[in-house]
Structure formats: structure tokens, C-alpha cells
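Numbering (the numbering used here), first residue to last: 12 to 390. For every residue, glycine included, the Cβ atom is placed at its ideal position computed from N, Cα and C. Remember, predicted model here, so these are calculated numbers, not experimental data.
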Amino acid sequence: MTRLRDTVSIESQQGPGFAIVVDRATQYEITTDLTAPSAARFELGDDGTWSVIRDALAIGARFSVSVNDRPRVTGRLLTRNLATSADGGATVQLMVRTLLADAMFCAVDAKIGVKNTNLEAIILAAFSRMGLGKADFILRANLARDVITGRSSPGTPALEIQNMTEDEARPHPPESVYAFVERHLSRFGLQMWDSADGKIVIGAPDDSQPPLYLMTSRRGQAGRSNNLLSAAKTEDYEEVPAELLVYGVGGGKDQQKARVQFLAVDDKLIAVEPILDRTAIIIDESLKTQAQARARARREMMRRRLMADSWVLETDGLTYWTGQERIPYAVDTVADVRVDVAGGAVGPYLIYQVRMAGSAERGHTTSLTCCGKGIWRLS
């Protein structure tokens, strides 16, 4: 079966139907990410285009960006620029950002109750200020846990988290909706990210799932099945501490006496001989419980270790081609990476960022950023 041509479009989700196909764009970039809100950037040549589409591209309007007729990024148009130059003519630059980007700016309602309620209820209460309900979420975790104790029902053991006081659990203005929800999710080993259709996913990335893609770059006869334009391997421990100490409230001038503290270690660096003294310390008096300190330490270590075992894979086209069908590239999936200069089959890697870029003139490429198994641990 012949591989189908890639298409990208941006379409209004309100008012009269209106679509811009990427063939009318000078360039575009679409990024989905486990570490940040997703975004789509388009640049349109203004040879009469701007006067025709200006009213349709209203600031604050909702748009859906699709790749090969499937949703990719759904959000609001909040940036619209018109750039001109003598040699390059005029271009219209557009940026579409998602609900999570909105949540970073929207202040959480300080009146949200946190006593005798569960994690799901306070998430929905926080996002209700933005007009969202349960239908706007994809829940991949047990959120029926008491937000103070971690218990899900009478007699059910609490999760491995330390109880919070009601004062610690409640919103702390000027805290944003994003920061408030993320603070609670971190205690439960969870996080949130954007789905392709504009919903918010609540869960924990899973690097133990079977690989969805086989990404290869091999030489000789084995290269007939190659699907990578380039592959860059990084093993960078420059930002990775052997030991990471997080100190919270208490201790006064001597943080080592803080009643709230947690130690995270990197197994590889801690075993180096002779001893490698790379100890990092984080002091954050806003950490009131052991659970908060543990969550902060694990997340800090995860972020610093992302480049310790990482691949950036660039491939032609915007979807994975099996020879029979197209499978969308997505975050929170696993790729089996096989690059012969790295010793052949190097194993499964968790994809945490997908960046699609190109234009009608230069074609379409996808860049996958992945990390090794065991790095993405939030609990």
C-alpha cells in the first residue's frame, strides 16, 4: 500500500466553518509534551491572505489543529502577529495554546473545600472556574482518594503519602489552577498533560508498556527498513546529582535538623569509585510534609536525569507508517530504538515530546524526544 500524503490543518471550533490547510502556510511547528502545555505555531504568507482571514482568526477563539485528519492540538488563539520586511514580504504568525496553558494564568478559587473530599473532586472544583467539567478530562488513575489522608474507602490502606492538614491542602492565593492541582497530583505520584482532542489527561506516564513504534537507523543491508533521518544519543550527567537532599519546614538556621526532609539518589553515580561527591540541596520552607518533600525530590531528580539517557529521533513524515497503516506519534508511548552505531537494538524508550515541523515547500518531519526506562518515576 502506498504511503498517503501528509496534511495539516487548523480549523475554527466556533462560528462559521473555517479551515486553513498547511499548503497555504510558509511554515508550522506543532509540539506535544509531557513536561509543558502543547502548542501549535503557524506562519502564513500574506499575499492577500490577511484581509480574507483576519476576522476568522479572532484572538481568544478556539481552534483544532489536525494532522492527517486526526486532532493534534486543541486550544485558543492567543498570539497573532503581522510581520513585514522589504525582502521577505509580509507574514501572519499564529500561536494556538491549550487549556493547560490557560490554567497557568488562571488564579485558583481560594474557597475550594479540601476537607472530607477526594482528589477528583478538588481537581474538578479547581478547573470549574475555567468552565471545565468531568467530560473535559481523561482519568487514568484512581482519583477517589481522600486528599488529606490518601485513603479511598473505609478500611482501605492509605497511599504512601503523609497526611496533610486542611490549611496545607487548601488553595494558597495567588496560586494558579495549574499549580494548585499539580501540587496535589505530585503527592500521589501523578501529573497532567494535554490530549490531542483538547482534554486534560490525569495519570502517570508508563514506560513499561509494549513499544508502539520501531525506529531504526542501520547500515548495509539492514538499512533497507530505516525510517530515521537522524538520531542523536545523549548521556549527560552534568545536571544529575549523586544525592539530592530536599529540606522543608523546620530546622531554622540548621536545615539538616528540618523535620521535613527527603533524600533521593542516582544509582549509577552513587556507585562510582572513587566516591563522586555531587550532592545537591534544595531548601523550600513551603514544604510542610514529608510527602511534599518526597514528591519534590523525585520530580527534581526525574527532570535532572532526562538527558542522562536520551534520544532525539528525527523521521520523515508526520505519522508512523507500518507499510499498511498510519499510526499517530504521541507522548506517553514507547519506541523500540535500534541504531547500529549504538550497539544495535538499544531497547525501549519513553516518548515525552513530539515536535512536528515543516511547510508545503520543504516537506514534513517529526522529532521524537525520549528517555530511558526507569527515569520517569514520580512515586
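| Which value, in whole angstroms, describes the spacing of the CA atoms of Tyr258 and Glu296? | The residue labelled residue 258 in the question sits at position 247 within the sequence shown. The residue labelled residue 296 in the question sits at position 285 within the sequence shown. Their backbone Cα atoms lie some 8 Å apart in a straight line.
| field | Residue interval of the beta strand (DSSP E) (run including Glu392) | value | An answer regarding residue 392 cannot be provided, because it is not within the stretch 12 to 390 covered by the chain.
| Which value, in whole angstroms, describes the spacing of the CA atoms of Lys384 and Leu223? | Sequence index remark: in the sequence shown, residue 384 carries index 373 (1-based). Sequence index remark: in the sequence shown, residue 223 carries index 212 (1-based). Lys384 and Leu223: Cα-Cα distance of roughly 15 Å.
| Which one of Met141, Thr128, Lys126 has the shortest CA to CA distance from Phe116? | Counting from 1 along the sequence shown, the entry for residue 116 is found at position 105. Taking only the C-alpha atoms, the option nearest Phe116 is Met141.
| Option nearest Gly261 by Cα separation, candidates Thr290, Met367, Ile294 | The residue given as residue 261 occupies position 250 in the sequence shown. Among Thr290, Met367, Ile294, the Cα nearest to that of Gly261 belongs to Ile294.
| field | Host alpha helix (DSSP H) of Met312 (start-end) | value | Counted from its first residue, the sequence shown places residue 312 at position 301. Residues 301-316.
| request: Identify which residue in Pro82, Gly56, Ala275, Arg16 has its Cα closest to the Cα of Thr42. | output: Within the sequence shown, the letter at position 31 stands for residue 42. Among Pro82, Gly56, Ala275, Arg16, the Cα nearest to that of Thr42 is on Pro82.
| query | Taking the C-alpha atoms as reference points, what is the distance between Arg52 and Ser228? | reply | As a first step, residue 52 must be located in the sequence shown, where it is residue number 41. As a first step, residue 228 must be located in the sequence shown, where it is residue number 217. Answer to the nearest angstrom: the Cα atoms are 29 Å apart.
| field | Run of the beta strand (DSSP E) containing Leu55, from where it starts to where it stops | value | Stepping through the sequence shown from its first residue, residue 55 is reached at position 44. Element bounds for Leu55: 50-56.
| From Ser77 to Leu274, what does the alpha carbon distance come to, in whole angstroms? | As a position in the sequence shown, residue 77 is number 66, starting the count at 1. As a position in the sequence shown, residue 274 is number 263, starting the count at 1. CA-to-CA, the gap between Ser77 and Leu274 works out to about 44 Å.
| said: Suppose the cutoff is 8 Å on Cβ atoms and the five residues either side in sequence are ignored; what does the same chain contact list for Ala69 look like? | reply: Taking the first residue of the sequence shown as position 1, residue 69 is located at position 58. Cβ neighbours of Ala69 beyond the five flanking positions: Leu88.
| Between the CA atoms of Ser378 and Thr326 - distance to the nearest angstrom | What you label residue 326 is simply residue 315 of the sequence shown in a count that begins at 1. What you label residue 378 is simply residue 367 of the sequence shown in a count that begins at 1. Approximately 6 Å, taken between the alpha carbons.
| Taking the runs of the beta strand (DSSP E) that are 3 residues or longer, which of them lie wholly in the stretch 159-215? | Unbroken beta strand (DSSP E) stretches of 3 residues or longer found wholly inside the stretch 159-215: 202-205, 211-214, given in chain order.
| field | Enclosing alpha helix (DSSP H) for Ile134 [first to last residue] | value | Translated into positions along the sequence shown, residue 134 becomes position 123. Judged by DSSP secondary structure, Ile134 falls within the alpha helix (DSSP H) whose first and last residues are 130-139.
| Between which two residues does the beta strand (DSSP E) harbouring Ile392 extend? | Here the chain has residues from 12 to 390 only, and residue 392 is not among them.
| field | CB of Gly86 within 7 Å of CB of Val107, strictly | value | Residue numbering aside, residue 86 sits at position 75 when the sequence shown is read from its first letter. Residue numbering aside, residue 107 sits at position 96 when the sequence shown is read from its first letter. In this structure, Val107 lies closer than 7 Å to Gly86 by Cβ.
| field | Residue range of the alpha helix (DSSP H) that includes Leu150 | value | Along the sequence shown, one-based indexing puts residue 150 at 139. That residue, Leu150, is in no alpha helix (DSSP H); its beta strand (DSSP E) goes 148-150.
| Quick one: does the C-beta of Leu223 sit closer than 6 Å to a heavy atom of the ligand NAP? | Here there are no bound small molecules, and the ligand NAP is not part of this structure.
| By DSSP, does Ala233 sit in helix, in strand, or in coil? | The residue you call residue 233 lines up with position 222 of the sequence shown. Here Ala233 sits in helix by DSSP.
| message | DSSP three-state label for Lys279, please. | response | Taking the first residue of the sequence shown as position 1, residue 279 is located at position 268. DSSP places Lys279 in helix when its eight states are reduced to three.
| How far does the alpha helix (DSSP H) with Leu111 in it reach, from first residue to last? | Walking along the sequence shown from the start, residue 111 turns up at place 100. Counting along the chain, the alpha helix (DSSP H) containing Leu111 begins and ends at 110-114.
| said: I'd like to know whether the C-beta atoms of Pro216 and Leu110 end up nearer to each other than 7 Å. | reply: Residue numbering aside, residue 216 sits at position 205 when the sequence shown is read from its first letter. Residue numbering aside, residue 110 sits at position 99 when the sequence shown is read from its first letter. Cβ atoms of Pro216 and Leu110: not closer than 7 Å.
| Among Leu240, Asn79, Gln303, Gly71, the one whose alpha carbon lies nearest that of Thr4 | This structure does not reach residue 4, given that the chain is present from 12 up to 390, and the question cannot be answered.
| query | So what does DSSP say about Trp387, is it helix, strand or coil? | reply | For the purposes of this step, residue 387 is taken as the residue at position 376 of the sequence shown. DSSP places Trp387 in coil when its eight states are reduced to three.
| request: Ignore the nearest five residues each way along the sequence and tell me which others in Gln364's own chain have a CB closer than 6 Å to its CB. | output: Taking the sequence shown and counting its residues from 1, one reaches residue 364 at position 353. The residues are Asp44, Thr380.
| message | If I follow the unbroken beta strand (DSSP E) through Leu225, where does it start and stop? | response | Within the sequence shown, the letter at position 214 stands for residue 225. That run of the beta strand (DSSP E) goes 224-228.
| Reduced DSSP secondary structure (H/G/I, E/B, other) of Ser20 | Here residue 20 refers to the residue found at position 9 when the sequence shown is read from its first residue. Note: Ser20 maps to strand in three-state DSSP.
| request: Tell me where the beta strand (DSSP E) around Ile70 begins and ends. | output: Position 59 of the sequence shown holds residue 70. Element bounds for Ile70: n/a, residue is neither H nor E.
| said: Please classify Gly124 as buried or exposed, where buried requires at least 16 neighbouring CB atoms within 10 angstroms. | reply: Reading the sequence shown from its first residue, position 113 is the one you call residue 124. Burial call: exposed.
| request: Inspect the beta-carbon positions of Leu255 and Ala308 and report whether they are closer than 7 Å. | output: Taking the sequence shown and counting its residues from 1, one reaches residue 255 at position 244. Taking the sequence shown and counting its residues from 1, one reaches residue 308 at position 297. Contact: yes.
| Ala169 versus Thr160: straight-line alpha-carbon distance, rounded | Translated into the one-based positions of the sequence shown, residue 169 becomes position 158. Translated into the one-based positions of the sequence shown, residue 160 becomes position 149. The straight-line gap from Cα to Cα measures roughly 6 Å.
| message | Assuming the contact rule is C-beta atoms closer than 8 Å, Ala118 and Pro185 should be a hit. Round their C-beta distance to whole Å, please. | response | Locating residue 118 in the sequence shown gives position 107, counting from the first residue. Locating residue 185 in the sequence shown gives position 174, counting from the first residue. That belief holds up - the Cβ atoms of Ala118 and Pro185 are roughly 6 Å apart, short of 8 Å.
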